[in-house]
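Everything below concerns the one structure shown next.
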Amino acid sequence: MHFCLPRVALAAVLVFACSSARPALAGELELGGVLGLEGRAFPEKPALPGQLKHFQTSATLEGDVRWENEARTVQAVFVPFVRFDAQDEERSHGDLREAYVRYIGDEFDLLVGLGKVFWGVMESRHLIDIINQDDGLEDIDGEDKLGQPMVKLSLFQDWGQLDLFVMSGFRERAFPGIDGRLRGALLVDDDDVLFESPARHGHIDLAARYSNYFGDVDMSLSVFHGTSREPRLALNATGTALRPIYDQITQVGLAVQYTSDATLWKLEAMGRDGYRDAFVAVSGGVEYTLYQIAGSDWDLGLLTEFHYDGRESFSFADPRLAQGLIPFETPAPLTPFDEDLFFGARLAANDMQDTQILGGAVIDVNDGSTSLFIEAQRRLGQDWTAELEGRFFANVNSQNALAGFKGDGFVTLRLARHF
Amino acid sequence: MNYSKQLKALVTLGLVAALGTAPALSQDAPEVQKGFEVAARSDRSDVGFGDSRVSAKMVLRNAAGQESVRELSFRTLEKVSEEVGDKSLVIFDSPRDVEGTALLSHAQILEPDDQWLFLPALKRVKRISSANKSGPFVGSEFAFEDFTTTELGKFTYKYLREETVDGVKMDVLERIPQYENSGYTKQIAWIDQDVFQARKLEFYDRKGDLLKTLTLKDYQNYDGVWRAQTLSMVNHQNGKTTDLVYGAYEFKTGLAENDFVKGVLERVR
Numbered sequence: 001m002h003f004c005l006p007r008v009a010l011a012a013v014l015v016f017a018c019s020s021a022r023p024a025l026a027g028e029l030e031l032g033g034v035l036g037l038e039g040r041a042f043p044e045k046p047a048l049p050g051q052l053k054h055f056q057t058s059a060t061l062e063g064d065v066r067w068e069n070e071a072r073t074v075q076a077v078f079v080p081f082v083r084f085d086a087q088d089e090e091r092s093h094g095d096l097r098e099a100y101v102r103y104i105g106d107e108f109d110l111l112v113g114l115g116k117v118f119w120g121v122m123e124s125r126h127l128i129d130i131i132n133q134d135d136g137l138e139d140i141d142g143e144d145k146l147g148q149p150m151v152k153l154s155l156f157q158d159w160g161q162l163d164l165f166v167m168s169g170f171r172e173r174a175f176p177g178i179d180g181r182l183r184g185a186l187l188v189d190d191d192d193v194l195f196e197s198p199a200r201h202g203h204i205d206l207a208a209r210y211s212n213y214f215g216d217v218d219m220s221l222s223v224f225h226g227t228s229r230e231p232r233l234a235l236n237a238t239g240t241a242l243r244p245i246y247d248q249i250t251q252v253g254l255a256v257q258y259t260s261d262a263t264l265w266k267l268e269a270m271g272r273d274g275y276r277d278a279f280v281a282v283s284g285g286v287e288y289t290l291y292q293i294a295g296s297d298w299d300l301g302l303l304t305e306f307h308y309d310g311r312e313s314f315s316f317a318d319p320r321l322a323q324g325l326i327p328f329e330t331p332a333p334l335t336p337f338d339e340d341l342f343f344g345a346r347l348a349a350n351d352m353q354d355t356q357i358l359g360g361a362v363i364d365v366n367d368g369s370t371s372l373f374i375e376a377q378r379r380l381g382q383d384w385t386a387e388l389e390g391r392f393f394a395n396v397n398s399q400n401a402l403a404g405f406k407g408d409g410f411v412t413l414r415l416a417r418h419f
Numbered sequence: 420m421n422y423s424k425q426l427k428a429l430v431t432l433g434l435v436a437a438l439g440t441a442p443a444l445s446q447d448a449p450e451v452q453k454g455f456e457v458a459a460r461s462d463r464s465d466v467g468f469g470d471s472r473v474s475a476k477m478v479l480r481n482a483a484g485q486e487s488v489r490e491l492s493f494r495t496l497e498k499v500s501e502e503v504g505d506k507s508l509v510i511f512d513s514p515r516d517v518e519g520t521a522l523l524s525h526a527q528i529l530e531p532d533d534q535w536l537f538l539p540a541l542k543r544v545k546r547i548s549s550a551n552k553s554g555p556f557v558g559s560e561f562a563f564e565d566f567t568t569t570e571l572g573k574f575t576y577k578y579l580r581e582e583t584v585d586g587v588k589m590d591v592l593e594r595i596p597q598y599e600n601s602g603y604t605k606q607i608a609w610i611d612q613d614v615f616q617a618r619k620l621e622f623y624d625r626k627g628d629l630l631k632t633l634t635l636k637d638y639q640n641y642d643g644v645w646r647a648q649t650l651s652m653v654n655h656q657n658g659k660t661t662d663l664v665y666g667a668y669e670f671k672t673g674l675a676e677n678d679f680v681k682g683v684l685e686r687v688r
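Residue numbers (the numbering used here), protein chains in the order written: chain A, 1 to 419; chain B, 420 to 688.
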């Protein structure tokens, strides 16, 4: 079990503790949280030695403490998260998802501490979203994030919103250990990390984002300069494991959504420099919703998205690696989204239980590698929710970035008590 | 977003007349003109309320009597002129699994409203389509349009009759939605002649059949601004009901334009 909290995070906790523990500060304190129980089943046998077999059980606990002063100008938020996994020791982990204090001014707000920020408009890939590190132990969908230490200043003006970020206390990505499914044959050694910046975790990362809307068009422009959240991977000195390499990068991102009646037109684009070659990546798509289908209360959303990513490709199955003809080091972080199409559908019952089902497939247009998913959720009574999640991989080409996941399709059932 | 407010927005002729449309109106049939006047008088009764905050409990019951409860907070900023609508925020406090979800609306007159939804798990702000007028609002018997069509100009009106209900004299009006995608062909409104507040509303579906009845009860006078504290919606076709019970309203709480931009959605909880 490891808790990967940088010192800056602890400082934020202390700031929070000081601001909330004094009873002299009147205001509103709210306590909440979620207790989750999760069972995961992998129908196929593990492909690699050491991997857990068919069933994986775990429990999660997320706290949620919020305080706001009477004048509604100061907020403090504390969201710790912990998972205990019965089969995979490495997947047992804890994190502070959020731990910050925010001051709300008339035309600005200022946040100090561990924050969580989302950028983007697409559904099947979060291309420009870069502030927070992925929690790689939770899922492979890039939607679980580690808290990022930051000072964030948001300005609200007639001309739009400008967010300015100063960040340090870099969060490394966590990778599955020997027990874990959904990994490659070579383990990633979290203790053997290479940083381009001599400041390592202490590098000061900077980012800014401008967002506004003009009628039916919402747009944002962002720039990030600092430590790449996605690492490159290289074979270590003994040839027994992979080591992550965190480069200094600059990313410029654009997100646009045009909302026209029941159709949402979406675009994300980014350019990134800092690995071997600079590259651009573009995602575009449409979301169209049919409301109250066949006279019922159900809505059906149809989604399609296209992803292009121009980064240099690399495959662990490349025969030239064994012959020593190319270096055993990815020229850029790996992505399965080099040229992919996504088709999906979202069903919402609009009932008392908020029943929802989302399913889809991401297909590599070059080699046909396909990743399929379904997510269904429903409230049980007032305080419980049940969630079913399935992920499967079909037709996976051995050179595709998904190759390691090939036989790791799974179904997860999650029961959660919210309090 | 405040319901009793929008019911009063059945109304608001005053400003329209001031803007010079009165001559055109005067050529309308007398029942059209009177309908509009009654609606306008009701709407005008809270002009200048500025902004408001209120919490509410929504109790959903199905035909079998099973209950589900949602707690919501509403924040409203009064429109600056008749050419635009109110700005509003709905924040979910319970059920706990959707706590922190927030909906920001910038109401328009006949154009689609601008709406953004905040999803707290991802910290994502998503611009959503406001074409879904007639769909259920969070599984309740209130449709989205019941909450968002607060503006006088969204309807045409016709005065029907005077009626005495429980000893109270009422004006009865018909109003017909002029915006797109409405699930209603018409609505009938009962407005009292004493303090000019809506007391009952009937909704007729696309086939012209009676779909729902809304009763507005327990009116409170907040320094001249009237607000119904209990709204009961009964769906006659599926047997479900939804009660919306408001707490005490706070007015002029200092909310400003900057409290109704999409960037604040992450901090409104």
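We put the beta carbon where it would ideally sit given N, CA and C, even for glycine.
#### Entry: Cβ of Lys542/B within 7 Å of any chain A Cβ
Stepping through the second sequence from its first residue, residue 542/B is reached at position 123. Closer than 7 Å to some Cβ of chain A, the Cβ of Lys542/B qualifies, so yes.
### Query
Whose Cβ in chain A lies nearer than 7 Å to the Cβ of Leu479/B?
Within the second sequence, residue 479/B is the residue found at index 60, counting from 1. The answer, in chain order, is Met352.
### Message
Please tell me whether Asn677/B has its Cβ less than 7 Å away from any Cβ of chain A.
### Response
Here residue 677/B refers to the residue found at position 258 of the second sequence. Yes, contact with chain A.
### Task
Starting from the Cα of Lys605/B, find the closest Cα among Asp613/B, Gln612/B and Leu620/B and give me that residue.
The count along the second sequence starts at 1 and reaches residue 605/B at position 186. Answer by Cα proximity: Leu620/B.
### Task
Please name the residue in Asp338/A, Gly285/A and Leu267/A whose C-alpha comes closest to that of Tyr308/A.
By one-based count along the first sequence, residue 308/A stands at place 308. If we check each option's Cα against that of Tyr308/A, Asp338/A comes out closest.
### Task
Could you tell me the boundaries of the beta strand (DSSP E) in which Ala59/A lies?
For the purposes of this step, residue 59/A is taken as residue 59 along the first sequence, with counting starting at 1. Ala59/A -> beta strand (DSSP E) spans Phe55 to Asn69.
### Query
Got a sec, what are the start and stop residues for the beta strand (DSSP E) Leu206/A sits in?
Counting from one through the first sequence, the residue named residue 206/A turns up at place 206. That run of the beta strand (DSSP E) goes Asp205 to Phe214.
### Contact set between Ser487/B and chain A, taken where Cβ atoms lie within less than 9 Å
Here residue 487/B is taken as the residue at index 68 of the second sequence, counted from 1. Those are Met352, Gln353, Arg379, Gly381 and Gln382, listed as they occur along chain A.
### Span of the alpha helix (DSSP H), counted from its first residue to its last, around Lys453/B
By one-based count along the second sequence, residue 453/B stands at place 34. First-last of the alpha helix (DSSP H) with Lys453/B: Pro449 to Arg463.
### Message
Against Asp585/B, what residues of chain A qualify as contacts under a CB-to-CB distance less than 8 Å, listed in chain order?
### Response
What you label residue 585/B is simply residue 166 of the second sequence in a count that begins at 1. The premise fails here: Asp585/B is roughly 32 Å from chain A at the closest Cβ pair, so nothing lies under 8 Å.
### Task
Confirm, please, whether the CB-CB distance from Met477/B to Leu635/B is below 7 Å.
By one-based count along the second sequence, residue 635/B stands at place 216. By one-based count along the second sequence, residue 477/B stands at place 58. It is not a contact, given that the beta carbons lie outside the stated cut-off.
### Task
Report the rounded CA-to-CA distance for Pro449/B versus Phe455/B, giving the unit in angstroms.
Locating residue 449/B in the second sequence gives position 30, where the first residue counts as 1. Locating residue 455/B in the second sequence gives position 36, where the first residue counts as 1. In a straight line, the C-alpha of Pro449/B is about 10 Å away from that of Phe455/B.
### Query
Beta-carbon of Val499/B versus every beta-carbon of chain A: anything under 7 Å?
The residue you call residue 499/B lines up with position 80 of the second sequence. Cβ-Cβ to chain A under 7 Å: no for Val499/B.
### Message
Between Phe574/B and Pro539/B, how many whole angstroms is the CB-CB distance? I'm expecting something under 8 Å.
### Response
Locating residue 574/B in the second sequence gives position 155, where the first residue counts as 1. Locating residue 539/B in the second sequence gives position 120, where the first residue counts as 1. About 35 Å; that fails the 8 Å criterion.
### Query
Buried or exposed: where does Arg472/B fall if 16 or more other Cβ atoms within 10 Å of its Cβ makes it buried?
Locating residue 472/B in the second sequence gives position 53, where the first residue counts as 1. Flag for Arg472/B reads buried.
### Query
Between the region 124-138 of chain A and the region 645-664 of chain B, do at least 3 Cβ pairs fall closer than 8 Å?
no
### Message
Quick check on Gly285/A: buried or exposed, where buried means 16 or more other Cβ atoms within 10 Å of its Cβ?
### Response
On the first sequence, residue 285/A is found 285 positions in, with the first residue counted as 1. Under this definition Gly285/A is a buried residue.
### Query
Does the separation of the CB atoms of Ile130/A and Gln251/A fall below 7 Å?
One-based indexing of the first sequence puts residue 130/A at position 130. One-based indexing of the first sequence puts residue 251/A at position 251. Contact: yes.
#### Entry: Bridge partner(s) assigned by DSSP for His525/B
As a first step, residue 525/B must be located in the second sequence, where it is residue number 106. According to DSSP, which records beta bridges pairwise, His525/B is partnered with Lys506/B and Asp533/B.
### Query
What whole-angstrom Cβ distance do Gly682/B and Phe156/A have, given they're in contact under 8 Å?
Along the second sequence, one-based indexing puts residue 682/B at 263. Along the first sequence, one-based indexing puts residue 156/A at 156. That belief holds up - the Cβ atoms of Gly682/B and Phe156/A are roughly 6 Å apart, short of 8 Å.
### Task
Pull up the DSSP beta-bridge partners for Pro555/B, would you.
As a working mapping, residue 555/B is identified with position 136 in the second sequence. Partner(s): Ala562/B.
#### Entry: CB contact below 7 Å: His2/A versus chain B
Indexing the first sequence from 1 puts residue 2/A at position 2. Confidence at His2/A is low in this model, with a pLDDT of 48, below 50, so the placement of that residue is unreliable and no value is reported for it.
### Task
Give the residues from the region 296-311 of chain A that approach chain B closer than 9 Å (Cβ to any Cβ), ordered along the chain.
Asp297 and Asp299
### Task
With DSSP collapsed to three states, give me the class of Pro43/A.
Translated into the one-based positions of the first sequence, residue 43/A becomes position 43. Note: Pro43/A maps to coil in three-state DSSP.
### Message
Quick check on Arg686/B: does DSSP put it in helix, strand or coil?
### Response
Here the question's residue 686/B lines up with position 267 in the second sequence. In the structure shown, Arg686/B sits in a helix (DSSP, three-state: H, G or I).
### Query
Would Gln353/A pass as a contact of Pro514/B if the rule is Cβ separation under 7 Å?
Working through the first sequence from its first residue, we reach residue 353/A at position 353. Working through the second sequence from its first residue, we reach residue 514/B at position 95. Not in contact: Gln353/A and Pro514/B (Cβ atoms no closer than 7 Å).
### Task
Only counting runs of 3 or more residues, tell me where the beta strand (DSSP E) segments fall wholly within the region 217-264 of chain A, in order along the chain.
217-227, 232-235, 242-246 and 248-260
### Message
For Glu107/A, tell me which candidate among Trp159/A, Thr60/A and Thr57/A has the shortest Cα-Cα distance.
### Response
Within the first sequence, the letter at position 107 stands for residue 107/A. If we check each option's Cα against that of Glu107/A, Trp159/A comes out closest.
### Message
Is there a C-beta anywhere in chain B that falls below 7 Å from the one on Tyr291/A?
### Response
Reading the first sequence from its first residue, position 291 is the one you call residue 291/A. Output row for Tyr291/A: interface = yes.
### For Gly643/B, the nearest candidate out of Ala458/B, Asp462/B and Gln452/B (CA to CA)
Counted from its first residue, the second sequence places residue 643/B at position 224. Per the Cα distances, Asp462/B.
### Message
Output needed in chain order: residues of the region 132-145 of chain A with a Cβ under 7 Å from some Cβ in chain B.
### Response
Glu143
### Message
Considering just the uninterrupted stretch of the beta strand (DSSP E) at Arg489/B, what are its terminal residues?
### Response
Start at 1 with the first residue of the second sequence, and residue 489/B comes out as number 70. Glu486 to Leu496 is the extent of the beta strand (DSSP E) around Arg489/B.
### Query
Taking the runs of the alpha helix (DSSP H) that are 4 residues or longer, which of them lie wholly in the region 308-390 of chain A?
319-322
### Query
Which whole-angstrom value is the C-beta distance of Leu684/B and Leu523/B, which I expect to be below 8 Å?
Within the second sequence, numbered from 1, the residue matching residue 684/B stands at position 265. Within the second sequence, numbered from 1, the residue matching residue 523/B stands at position 104. Contact flag correct, Cβ pair sits at about 6 Å.
### Task
Quick one: give me the first and last residue of the beta strand (DSSP E) that Ile547/B is part of.
Locating residue 547/B in the second sequence gives position 128, where the first residue counts as 1. Arg543 to Ile547 is the span of the beta strand (DSSP E), which, as asked, contains Ile547/B.
### Task
Note down, in chain order, each residue of its chain lying with its Cβ closer than 6 Å to the Cβ of Gly572/B, except the 5 sequence neighbours on either side.
Working through the second sequence from its first residue, we reach residue 572/B at position 153. Counting only Cβ-Cβ distances below 6 Å, and skipping sequence neighbours, we find Ile528.
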